[in-house]
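Undergrad:
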Amino acid sequence: LREKLDGNELDLSLSDISEVPVRELAALPKATILDLSCNKLTIIPEEFCSLIHIVRLDLSKNQLVQLPSEFGRLINLQHLDLLQNRLAVLPITFSQLKNLKWLDLKDNPLNPTLSKAAGDCLDEKQCKECAQRVLQHMQSLQLEHDKEMQHKLLLDQERKQKQEAEQRMKEEKERALRKRKKQQQKERRRRDYNALQAAQK
1 LREKLDGNEL DLSLSDISEV PVRELAALPK ATILDLSCNK LTIIPEEFCS LIHIVRLDLS
61 KNQLVQLPSE FGRLINLQHL DLLQNRLAVL PITFSQLKNL KWLDLKDNPL NPTLSKAAGD
121 CLDEKQCKEC AQRVLQHMQS LQLEHDKEMQ HKLLLDQERK QKQEAEQRMK EEKERALRKR
181 KKQQQKERRR RDYNALQAAQ K
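If you count by the UniProt record's numbering, then the sequence shown holds residues 1 to 201, one letter each, in order.
#1: Can you list, in chain order, the residues of its chain whose CB lies under 8 Å from that of D104, leaving out five sequence neighbours each side?
#2: Take the Cβ of G72 as the centre, count every other Cβ of all protein chains shown within 10 Å, and call the residue buried at 16 or more, exposed below.
#3: Where are the beta strand (DSSP E) runs, 3 residues long or more, that stay fully inside the segment 52–101, in chain order?
#4: Identify whether D104 lies in helix, strand or coil by the three-state DSSP scheme.
#5: Under DSSP, the alpha helix (DSSP H) around L12 begins and ends at which residues?
#6: Do L10 and I33 have their C-beta atoms within less than 9 Å of each other?
#7: Tell me the rounded alpha-carbon separation between Q185 and L177.
#8: Quick check: the Cα distance between R168 and K182, rounded to an integer number of angstroms?
#9: Pick out whichever of H137, D35, G7 and R180 has its Cα sitting closest to the Cα of V89.
#10: Along the chain, where does the alpha helix (DSSP H) that runs through D192 open and close?
#11: Just mark D123 as buried or exposed, buried being the case when its beta carbon has 16 or more other beta carbons within 10 Å.
#12: Kindly list the residues whose CB is nearer than 8 Å to the CB of L64, restricted to its own chain and excluding five residues on each side of it in sequence; keep chain order.
#13: Using C-beta distances below 8 Å, list every residue in its chain close to T113, excluding the 5 sequence neighbours before and after it, in chain order.
#14: From the DSSP output, in three-state form, read off L110 for me.
#15: In whole angstroms, give me the CA-to-CA distance for Q157 and K170.
#16: In the DSSP assignment, what residue or residues form a beta bridge with residue 205?
#17: Quick one: what does DSSP say residue 206 is sitting in, helix, strand or coil?
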């Protein structure tokens, strides 16, 4: 790949690639601009998200059905082209791309709410607005997700506390039952002893 590096720009477009060469890309931290457009990519591996030096990424005209769940780790990303893929949703971590200034999601089968946030992306201005709106949309989804997780955590804690309380109650009942049995056995032995004493008189 090194011979395809021109300054800080690495052009791998139209290379008939079906897999992202992550290891080779990791060895080229100078390549802050990466063009993977017009290839046969269907997925981006999770390891790709460790390439945090990337500032500009072109994934347009591939066959991507999803982005990796940790995509938000690409914190230096400012320009992202996802034109003409097969994306319906974006990963929740997308909300962490705080430096994203330009985004094109045109010609993807986006779900209605994401499509509305993305807008038309017909020119530079709209792509900048798209980045802003999609980030806001994903941040609100992240908040909802966090609330749900918190709620789930609380429910789990309540369930656990209830189970522990029930277990304690069960153990206390069993202890009380054992104690009562012991007492009954002791009383029986005492009665037997007293009866024996009385018979011997």
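The beta carbon of each residue, even a glycine, is placed where N, CA and C say it ideally should be.
TA: Taking the structure as given:
#1: Against the sequence shown, residue 104 aligns to sequence position 104. When the five nearest sequence neighbours on each side are left out, the beta carbons in the same chain lying within less than 8 Å of the beta carbon of D104 are those of S60, L80, D81, L82, L83, C121, C127 and C130, in order along the chain.
#2: On the sequence shown, residue 72 is found 72 positions in, with the first residue counted as 1. For G72, the number of other beta carbons within 10 angstroms of its own is at least 16, and it is reported as buried.
#3: List check, beta strand (DSSP E) in window: 56–58 and 79–81.
#4: As a first step, residue 104 must be located in the sequence shown, where it is residue number 104. Strand at D104.
#5: The count along the sequence shown starts at 1 and reaches residue 12 at position 12. In the DSSP annotation of this structure, L12 is not part of any alpha helix (DSSP H), being labelled neither H nor E.
#6: Taking the sequence shown and counting its residues from 1, one reaches residue 10 at position 10. Taking the sequence shown and counting its residues from 1, one reaches residue 33 at position 33. Contact flag set, yes.
#7: Residue 185 sits at position 185 when you count from the first residue of the sequence shown. Residue 177 sits at position 177 when you count from the first residue of the sequence shown. Approximately 12 Å between the Cα atoms of the pair.
#8: The sequence position of residue 168 within the sequence shown is 168, counting from 1. The sequence position of residue 182 within the sequence shown is 182, counting from 1. When the Cα atoms are used, R168 and K182 turn out to be separated by approximately 21 Å.
#9: Reading the sequence shown from its first residue, position 89 is the one you call residue 89. Just measuring C-alpha positions, the residue of H137, D35, G7 and R180 sitting nearest V89 is H137.
#10: Working through the sequence shown from its first residue, we reach residue 192 at position 192. D192 -> alpha helix (DSSP H) spans E124 to Q200.
#11: Taking the first residue of the sequence shown as 1, we reach residue 123 at position 123. Around the Cβ of D123, a 10 Å sphere holds fewer than 16 other Cβ atoms; the residue is exposed.
#12: Here the question's residue 64 lines up with position 64 in the sequence shown. Taking C-beta separations shorter than 8 Å and ignoring five residues to either side along the sequence, the partners of L64 in its chain run L41, T42, I43, I44, L82, N85, R86 and L87, following chain order.
#13: Here residue 113 refers to the residue found at position 113 when the sequence shown is read from its first residue. Here the set comprises H137.
#14: Within the sequence shown, the letter at position 110 stands for residue 110. L110: coil per DSSP, three-state reduction.
#15: The residue you call residue 157 lines up with position 157 of the sequence shown. The residue you call residue 170 lines up with position 170 of the sequence shown. Between Q157 and K170, the C-alpha separation is close to 20 Å.
#16: Here the chain has residues from 1 to 201 only, and residue 205 is not among them.
#17: Residue numbering for the chain in the displayed model covers 1 to 201; residue 206 lies beyond these limits and cannot be assessed.
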